[in-house]
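Order-wise, the sequence lines are chains A and B. Heads up: the first sequence is residues 5 to 130, going by the numbering used here. Heads up: the second sequence is residues 59 to 202, going by the numbering used here.
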Amino acid sequence: MIPFVVFLGAGVGGLVRYALGGWIQQAAGPGFPWGTLVVNVTGSLVLAFLYALLEGSVAAPQWRAFLGIGFCGGYTTFSTFSYETLRLLQDAQWGRASWYVLGSVVLSLLAAAVGFRLAAGLLQRG
Amino acid sequence: MPHQFKGERTLMRIFIGERDRCREGPHQGKPLYEALLHFFRERDFAGATVIRGIGGYGAEGRVHTDKILRLSLDLPIIVEVVAPEERLQAVLPELDRMIDGGLITLEPVRVILYRPHDVPEDERWRHRIEGLEPERGESSEGAS
């Protein structure tokens with residue numbers, strides 16, 4: 005059961021990334037990997053939010069597997085981040101590469117903290 | 059005879075995308091660049107080359123680049139064919155049916171070399187790059 009919901013969640017997450025990432029990247033142009041950045045930052049927020057929320061409630065572990073491991077795992081992409089950073093470095097675009105690495109790590113961490121806080125706030129009120 | 063191919067010719071460049079498929083004809087549904095390659099080969103054109111670009115945009119204004127993974131799914135492809143102009147004109151109706159969206163250009167070119175690999179020594183004079191000085195000891199018929 006758990007592997008199956010991971011499979012389903014990853015599929016849905018991957019499709020959402022494909023659609024949203026494509027839309028953002030077309031709008032932003034080819035200069036900077038905005039699509040991947042937005043996907044990774046929002047995914048970090050959603051995962052921290054969901055995990056904090058689901059762990060603090062009585063939701064079945066299948067939900068954590070589906071949303072956390074499956075959906076967020078399929079949605080965010082570390083491998084794309086690495087590849088795009090490498091391509092920026094290969095083209096000697098040091099500034100953009102640095103902003104991409106720093107921005108991805110710092111913003112994703114901040115987003116995760118915000119997601120965690122949001123869930124904690126919700127649980128306290130509930 | 060390959061050496062007869064030299065001289066004033068026309069270069070056709072067909073700009074398409076990786077994901078384009080052949081619209082009609084015997085190669086329908088195949089990747090368009092493969093279909094075009096087969097098509098030109100079946101028609102005994104002297105040669106065709108497929109080149110893939112690393113970035114570009116087309117009539118839809120959508121940018122493609124291999125640097126951003128998500129934008130790398132439909133990179134540009136150029137199919138180049140050199141032939142006498144009338145031979146290219148003759149296949150335009152079929153190309154029109156095979157290609158969905160794309161760009162085709164024609165430009166005059168001068169072919170100065172067209173030779174296969176491993177030409178025998180006594181045949182080599184016929185396959186020299188046009189305009190080069192004759193080799194020493196070369197027979198006078200080589201100049202004809």
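Each residue gets a CB set at the ideal place from its N, CA and C atoms; glycine is no exception. Small disclaimer: the values here were computed from a predicted structure and weren't measured.
>> I want to see whether chain A comes within less than 8 Å of residue 109/B, judged by CB atoms only; does it?
In response: no
> Which of the residues in the region 78-94 of chain A, read from start to end, lie with their CB under 7 Å from any CB of chain B?
Replying inline: For the region 78-94 of chain A, residues whose beta-carbon sits nearer than 7 Å to a beta-carbon of chain B comprise 84, 87, 88 and 91.
>> So that I know if they touch, is there some Cβ in chain B lying closer than 8 Å to that of residue 6/A?
In response: Residue 6/A does not count as touching chain B.
> If you measure from the beta carbon of residue 29/A to each beta carbon in chain B, is any gap under 8 Å?
Replying inline: yes
> Name the chain A residues whose beta carbon is nearer than 7 Å to that of residue 120/B?
Replying inline: 30
> Along chain B, which residues have their Cβ under 9 Å away from the Cβ of residue 26/A?
Replying inline: 128, 129 and 131
>> In the DSSP output, which residue or residues are listed as bridge partners for residue 67/B?
In response: Answer is 167/B.
> Given that a residue counts as buried once 16 or more other Cβ atoms are within 10 Å of its Cβ, and exposed if not, what is residue 119/B?
Replying inline: Here residue 119/B is exposed: its Cβ has fewer than 16 other Cβ atoms, across all protein chains shown, within 10 Å.
> Where residue 99/B and residue 152/B are concerned, what is the direct C-alpha to C-alpha distance, given to the nearest angstrom?
Replying inline: 14 Å
>> Less than 8 Å between CB atoms is the rule here; does residue 113/B satisfy it with respect to chain A?
In response: yes
> Alpha carbon to alpha carbon, what distance is there between residue 9/A and residue 63/A?
Replying inline: 14 Å
>> Within 8 Å, do at least three Cβ pairs link the region 102-113 of chain B to the region 133-146 of chain B?
In response: yes
>> Could you check whether the region 24-44 of chain A touches the region 75-90 of chain A, counting it as contact only if at least three pairs of C-beta atoms, one from each stretch, sit closer than 8 Å?
In response: Note that the region 24-44 of chain A touches the region 75-90 of chain A; at least 3 beta-carbon pairs, one per stretch, sit closer than 8 Å.
>> So with CB distances below 9 Å, who are the chain B contacts of residue 39/A?
In response: 126, 127, 128 and 129
>> Looking at residue 124/A: is its Cβ nearer than 8 Å to the Cβ of residue 56/A?
In response: yes
> Among 165/B, 62/B and 65/B, which has the Cα closest to the Cα of residue 72/B?
Replying inline: Taking residue 72/B as reference, the option from 165/B, 62/B and 65/B with the minimal CA-CA separation is 165/B.
>> Going by DSSP in three states, residue 187/B sits in which element: helix, strand or coil?
In response: coil
> Does any CB atom of chain B fall closer than 8 Å to the CB of residue 33/A?
Replying inline: The C-beta of residue 33/A comes closer than 8 Å to at least one C-beta of chain B.
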